[in-house]
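Notes to accompany the following structure.
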Amino acid sequence: MADYKILLVCSGGISTSLLMKKIEKYAEEHSMDIKVDAVGTASYEDRVSDYDVLLLGPQVAYRKKQIADSVAIPVAVIAPQDYAFCNVENILKEVDALLGKSNA
79 MADYKILLVC
89 SGGISTSLLM
99 KKIEKYAEEH
109 SMDIKVDAVG
119 TASYEDRVSD
129 YDVLLLGPQV
139 AYRKKQIADS
149 VAIPVAVIAP
159 QDYAFCNVEN
169 ILKEVDALLG
179 KSNA
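The working numbering puts the sequence shown at residues 79 to 182.
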């Protein structure tokens, strides 16, 4: 897996904060360089230019088209099961696919 700059977005940024901590821990354990932040839907536009990909929590999946139309980076909804269990490995595989990176 490659290095990433990921912006996590949910309703208020609270639920994605837990996932953010899990991603940071995973990155440290696997010697990866990952910049990750969690924000709410009200503030993603102010921060998005610093990231490679924007991942939405499942609870805001209904806003995917609106958000994708307002940014210049790939946008995806995190699979509910990966979100619920903080499955960082699966989430990073999805990021790889979005960015066209290999799983090297």
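Beta carbons: idealized from backbone N, C-alpha and C, even for Gly.
The beta carbon of A105 lies closer than 6 Å to those of I112 in the same chain, with the five residues before and after it left out. For secondary structure counted as the alpha helix (DSSP H) over 4 or more consecutive residues, the region 94-173 holds these complete runs in sequence order: 122-125, 142-148 and 158-162. The beta carbon of P152 is closer than 6 Å to those of V131 and L176 in its chain, skipping five residues each way along the sequence. For K83, DSSP records a beta bridge to K113. When the beta-carbon positions are compared, L85 and D147 stay at least 9 Å from each other. Contact between V138 and S95 fails: their C-beta atoms lie close to 15 Å from each other, not under 8 Å. C-alpha of L97 to C-alpha of Q144: approximately 23 Å in a straight line. In the same chain as E123, and ignoring 5 residues on each side of it, the C-beta atoms closer than 8 Å to its own belong to S148 and V149, in chain order. Using a Cβ distance threshold of 9 Å, R125 and L134 do not count as a contacting pair. Within a 10 Å sphere around the beta-carbon of A162 sit fewer than 16 other beta-carbons, which makes this residue exposed. Of all alpha-carbon atoms in A120, A116, K100 and V117, the one lying nearest the alpha-carbon of N168 is that of K100.
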